[in-house]
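Chemist: Protein chains in written order, with our numbering: chain P, 59 to 393; chain A, 59 to 393.
Provided herewith is a single structure, encoded as structure tokens, for subsequent inquiry.
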DNA sequence: TTGAAAGCGCTAACAC
DNA sequence: GTGTTAGCGCTTTCAA
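Set out below in structure tokens:
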């Protein structure tokens, strides 16, 4: 590895001269600057990032803690974070908690030793269920800023990025009601999560408002890791009068569509379906699934920007903000 | 941030004593070790990783360069890498090239400045198409080891992890032939890639061997970013005599199944389908898609192990190895 | 215009 | 058993 010292030796100048020259310091003569830069280029010199980090006590690296990268939503958020981070001159270290509290704790601890300048985090399922947030609150005292997204925790004081889940589900449900659907089911495999609860409540409220009662038998909650297809098939066989479905998660909308079709439902004539998804998921079924788009990439971009803003703010203890990213309802084929 | 120095001041001993005590050096008395450790625990002392990295010139961080995290295969490989890396005491910095050569070059360059100890890399589409590999070969000279997986490049000399694509496709095709299928189509949205080419060739060879000629009109290659569903629908309308499909990628199998069903095909009676997928994808359709499983997580685990082995090998220039991870054909519902 | 020296936090060889 | 010192590669103050 080529270092300042080696360049300095070759040029018969001091290390500090080389350093200054490479940084275009006004202290150094043009001539020297050129000589130094030429040699540096010749050896393809890159300043050692670790040394810079130590010196500046700033790593320009962000820790991103995510529950599950196989969930397209999180994968997309990560894409947004990574891309925007790069343009801002940051790298990201990714930790996947696999929805466990222990890995979440460990990841925060392991990276809180100078490895990163801050965190972007979506809480794991286990964290939300167990209501154990000390490891996150504790970060406040280490002056490592945190931005939470999607899986945010009310009790933790930090910048946050969310979508308005409640309103999205309300709008989707009202959509189906407007189509004249009377037996609208709600299907979710994220009933443990805050977002899941909020989405369910929005569904219930909308149904209640229109039909004055909620039929609990039309609510299907599927635990993670259980085979959704079998559950959904049984659910439809038991409730053949269903004429609308609102899905609260990323996968069950597609499965509902295909299962119902297999059972003889015409879509959208007999059954309207809407789920959380994106274009690629929508494209997997015939007809294409109508969906609520969460603008996942935007969420990621907003998160990293909030974080970097805070890193750059002169410690002046800005108020924490919560940014709400707009959602969109897209594609009418299954409505 | 609490440092050795601060601990040393409080304890009225030297920094090196504290350092040695925390590392259980035999030079230090039990009594001191206990005193030091207690104070360290009290302050929740964590050694600064950046300082350690600088001192040891080893970061215990791996750069992972991936074309597209929204592709489930790569997401799964990443899960494998991340988990295994953590057990081995490594962090990973993830870069997503979005299938571009420029981002791939930039990522390698940016991380080759001491940020990481080595790389795990799957080449981008653009890299493979343009046959521009200098940025990868160049790493050899910087003693940063590389392990390539899946999208490997023959001309680059390094450790590699792959599956036997040729054999997998052969086996899948022969499977359909054995079911009596006579008009077997091949569908791929990865025709640009080496793996895509290899899979197509295996299909052709198998068909040729049995039926002595290949009907090129039964081969559908879809460029990335084009809407697969429309293409596949048109393809089936133009070729209603198709009775078998081998899909070379992660998504078209599901789309084929749903499109064909929508056009009136009974599956698997009228049409047998097999694709590259995993359980979750398979589960999205009715009947469930039969699939070739690439054991993506295993690929990731193998890659990080190869890399760490090389990092630990005493520079003795071990031969480069290529590990072939076994694939499996799973689920018979759509066959 | 250039160089010497200190220091970021840590480890390790070498004194004492 | 403990302390001193040097050094990892870099930036930056201060002196020349």
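C-beta: ideal position from N, C-alpha, C; glycine also.
All of these numbers come straight from a predicted model, not from anything done at the bench.
If you scan the stretch 139 to 226 of chain A from start to end, which runs of the beta strand (DSSP E) of 3 or more residues do you find wholly inside it?
Modeler: Those beta strand (DSSP E) runs which fall completely within the stretch 139 to 226 of chain A and span 3+ residues are 149 to 154, 176 to 179, 204 to 207, 217 to 221.
Chemist: Please work out which residues of its chain come closer than 7 angstroms, Cβ to Cβ, to residue 68 of chain A, disregarding the five sequence neighbours upstream and downstream, and give them in chain order.
Modeler: Translated into positions along the second chain, residue 68 of chain A becomes position 10. Result list for residue 68 of chain A: 97, in chain order.
Chemist: Among the residues of its own chain, which have a CB less than 7 angstroms from the CB of residue 116 of chain P, if the five just before and after it don't count?
Modeler: Within the first chain, residue 116 of chain P is the residue found at index 58, counting from 1. Closer than 7 angstroms at the Cβ level, and outside the excluded window around residue 116 of chain P, lie 175.
Chemist: Suppose the cutoff is 8 angstroms on Cβ atoms and the five residues either side in sequence are ignored; what does the same chain contact list for residue 278 of chain P look like?
Modeler: In the first chain, the residue the question calls residue 278 of chain P occupies position 220. Answer for residue 278 of chain P: 243, 244, 245, 246, 289, 290, 293, listed in chain order.
Chemist: Could you check whether the Cβ of residue 176 of chain P sits closer than 8 angstroms to any Cβ belonging to chain A?
Modeler: Counted from its first residue, the first chain places residue 176 of chain P at position 118. Residue 176 of chain P does not count as touching chain A.
Chemist: Mind listing which residues of the stretch 89 to 107 of chain A have their C-beta closer than 7 angstroms to chain P's C-betas, in chain order?
Modeler: From the stretch 89 to 107 of chain A, only 104, 105, 106, 107 have a Cβ closer than 7 angstroms to chain P.
Chemist: Quick check on DSSP: helix, strand or coil for residue 399 of chain P?
Modeler: Residue 399 of chain P lies beyond the range of chain P shown here (59 to 393); nothing can be said about it.
Chemist: How long is the line joining the alpha carbons of residue 347 of chain P and residue 112 of chain A, rounded to whole angstroms?
Modeler: Sequence index remark: in the first chain, residue 347 of chain P carries index 289 (1-based). Sequence index remark: in the second chain, residue 112 of chain A carries index 54 (1-based). Between residue 347 of chain P and residue 112 of chain A, the C-alpha separation is close to 52 angstroms.
Chemist: For residue 333 of chain A, does the count of other Cβ atoms within 10 angstroms reach 16, so buried, or fall short, so exposed?
Modeler: For the purposes of this step, residue 333 of chain A is taken as residue 275 along the second chain, with counting starting at 1. Looking at its Cβ environment, which holds 16 or more other Cβ atoms inside 10 Å, residue 333 of chain A is buried.
Chemist: Please report the residue range of the beta strand (DSSP E) in which residue 243 of chain A lies.
Modeler: Counted from its first residue, the second chain places residue 243 of chain A at position 185. Start and end: 242 to 246.
Chemist: Would you kindly work out how many angstroms separate the C-alpha atoms of residue 125 of chain P and residue 308 of chain P, rounded to a whole number?
Modeler: As a first step, residue 125 of chain P is located in the first chain; it is residue number 67 there, counting from the start. As a first step, residue 308 of chain P is located in the first chain; it is residue number 250 there, counting from the start. Rounded to whole angstroms, residue 125 of chain P to residue 308 of chain P spans 15 angstroms at the Cα level.
Chemist: Mind listing the chain P neighbours of residue 245 of chain A? Cutoff is C-beta to C-beta under 7 angstroms, in chain order.
Modeler: What you label residue 245 of chain A is simply residue 187 of the second chain in a count that begins at 1. The premise fails here: residue 245 of chain A is roughly 14 angstroms from chain P at the closest Cβ pair, so nothing lies under 7 angstroms.
Chemist: Using 8 angstroms as the cut-off, can you tell me whether the stretch 206 to 216 of chain P makes contact with the stretch 143 to 152 of chain P, which would need three or more C-beta pairs spanning the two stretches below that distance?
Modeler: No contact exists between the stretch 206 to 216 of chain P and the stretch 143 to 152 of chain P.
Chemist: Please decide whether residue 329 of chain A counts as near chain P, where near means a Cβ-Cβ distance under 8 angstroms.
Modeler: In the second chain, counting from the first residue as 1, residue 329 of chain A sits at position 271. No, its Cβ sits nowhere closer than 8 angstroms to a Cβ of chain P.
Chemist: Measure from the C-beta of residue 134 of chain P to each C-beta in chain A and report whether the shortest distance is under 8 angstroms.
Modeler: For the purposes of this step, residue 134 of chain P is taken as the residue at position 76 of the first chain. So yes, residue 134 of chain P belongs to the interface.
Chemist: With a cut-off of 8 angstroms, do at least 3 Cβ pairs link the stretch 313 to 320 of chain A to the stretch 86 to 105 of chain A?
Modeler: They do not touch, by the three-pair rule.
Chemist: Do you know how far the Cα of residue 260 of chain A is from the Cα of residue 225 of chain A?
Modeler: In the second chain, residue 225 of chain A corresponds to position 167, counting from 1. In the second chain, residue 260 of chain A corresponds to position 202, counting from 1. Answer to the nearest angstrom: the Cα atoms are 7 angstroms apart.
Chemist: What residue from P/201, P/122, P/172, P/252 has the CA that sits closest to residue 162 of chain P's CA?
Modeler: In the first chain, the residue the question calls residue 162 of chain P occupies position 104. With distances taken between Cα atoms, residue 162 of chain P lies closest to P/122.
Chemist: Can you pull the chain A residues whose beta carbon is under 8 angstroms from the beta carbon of residue 188 of chain P, in chain order?
Modeler: Residue mapping note: residue 188 of chain P aligns to position 130 of the first chain, counting from 1. Within chain A, no residue comes near residue 188 of chain P; the closest Cβ sits about 21 angstroms away, beyond 8 angstroms.
Chemist: Keeping to the same chain, check which residues put their C-beta closer than 6 angstroms to that of residue 227 of chain P; ignore five residues upstream and five downstream.
Modeler: For the purposes of this step, residue 227 of chain P is taken as the residue at position 169 of the first chain. The answer, listed in chain order, is 257, 260, 261.
Chemist: Our contact map puts residue 66 of chain A next to residue 72 of chain A with C-beta atoms below 8 angstroms; I'd like the distance itself, whole angstroms only.
Modeler: In the second chain, residue 66 of chain A corresponds to position 8, counting from 1. In the second chain, residue 72 of chain A corresponds to position 14, counting from 1. Contact holds; Cβ gap of about 6 angstroms.
Chemist: Three or more beta-carbon pairs under 8 angstroms between the stretch 165 to 182 of chain P and the stretch 195 to 202 of chain P, yes or no?
Modeler: Yes: the two stretches touch, three or more of their Cβ pairs being nearer than 8 angstroms.
Chemist: In chain order, what residues of the stretch 111 to 137 of chain P put their CB closer than 7 angstroms to some CB of chain A?
Modeler: For the stretch 111 to 137 of chain P, which is checked against every Cβ of chain A, the residues closer than 7 angstroms are 111, 112, 117, 127, 128, 130, 133, 134, 136, 137.
Chemist: Is it buried or exposed, residue 338 of chain A, if we count other Cβ atoms within 10 angstroms and call 16 or more buried?
Modeler: Walking along the second chain from the start, residue 338 of chain A turns up at place 280. Counting Cβ neighbours within 10 Å, residue 338 of chain A comes out exposed, since fewer than 16 surround it.
Chemist: Tell me the start and end of each unbroken alpha helix (DSSP H) in the stretch 327 to 379 of chain A that is at least 4 residues and wholly inside, in chain order.
Modeler: Runs found: 337 to 340, 354 to 370.
Chemist: Just to confirm my understanding: we take residue 383 of chain P, look at its own chain, exclude 5 residues before and 5 after, and list those with CB closer than 8 angstroms. What are they?
Modeler: Residue mapping note: residue 383 of chain P aligns to position 325 of the first chain, counting from 1. So the qualifying residues of the chain are 219, 220, 221, 352, 353, 356, 357, 360.
Chemist: Does any CB atom of chain A fall closer than 8 angstroms to the CB of residue 313 of chain P?
Modeler: Mapped onto the first chain, residue 313 of chain P falls at position 255. True, the Cβ-Cβ gap to chain A drops below 8 angstroms.
Chemist: Shortest alpha-carbon distance to residue 375 of chain A belongs to which of A/202, A/62, A/168?
Modeler: Within the second chain, numbered from 1, the residue matching residue 375 of chain A stands at position 317. The residue with the shortest Cα to Cα distance from residue 375 of chain A is A/202.
Chemist: For a quick check, are the C-beta atoms of residue 171 of chain P and residue 106 of chain A less than 8 angstroms apart?
Modeler: Sequence index remark: in the first chain, residue 171 of chain P carries index 113 (1-based). Sequence index remark: in the second chain, residue 106 of chain A carries index 48 (1-based). A contact, by the Cβ cut-off of 8 angstroms.
Chemist: What does the alpha-carbon distance come out to for the pair residue 238 of chain A and residue 267 of chain A?
Modeler: On the second chain, position 180 is the one that residue 238 of chain A refers to. On the second chain, position 209 is the one that residue 267 of chain A refers to. Near 15 angstroms, if we compare the C-alpha coordinates of residue 267 of chain A and residue 238 of chain A.
Chemist: Counting only beta-carbon separations shorter than 8 angstroms, does residue 287 of chain P have a partner in chain A?
Modeler: In the first chain, the residue the question calls residue 287 of chain P occupies position 229. Answer yes: the Cβ-Cβ gap between residue 287 of chain P and chain A drops below 8 angstroms somewhere.
Chemist: Which stretch, first to last residue, makes up the beta strand (DSSP E) that contains residue 302 of chain A?
Modeler: Looking up residue 302 of chain A in the second chain gives position 244. Taken as a continuous stretch (DSSP letters only), the beta strand (DSSP E) holding residue 302 of chain A covers 302 to 305.
Chemist: Can a CB atom of chain P be found closer than 8 angstroms to the CB of residue 67 of chain A?
Modeler: Within the second chain, residue 67 of chain A is the residue found at index 9, counting from 1. Residue 67 of chain A does not count as touching chain P.
Chemist: Anything in the stretch 140 to 155 of chain P with a Cβ closer than 9 angstroms to a Cβ of chain A? List those residues in chain order, please.
Modeler: Flagged, chain order: 140, 141, 144, 149, 150, 151, 152, 153, 154.
Chemist: Going by beta-carbon coordinates alone, are residue 120 of chain P and residue 86 of chain P separated by less than 8 angstroms?
Modeler: Numbered from its first residue, the first chain carries residue 120 of chain P at position 62. Numbered from its first residue, the first chain carries residue 86 of chain P at position 28. No; because the gap between Cβ atoms is not below 8 angstroms, this pair is not in contact.
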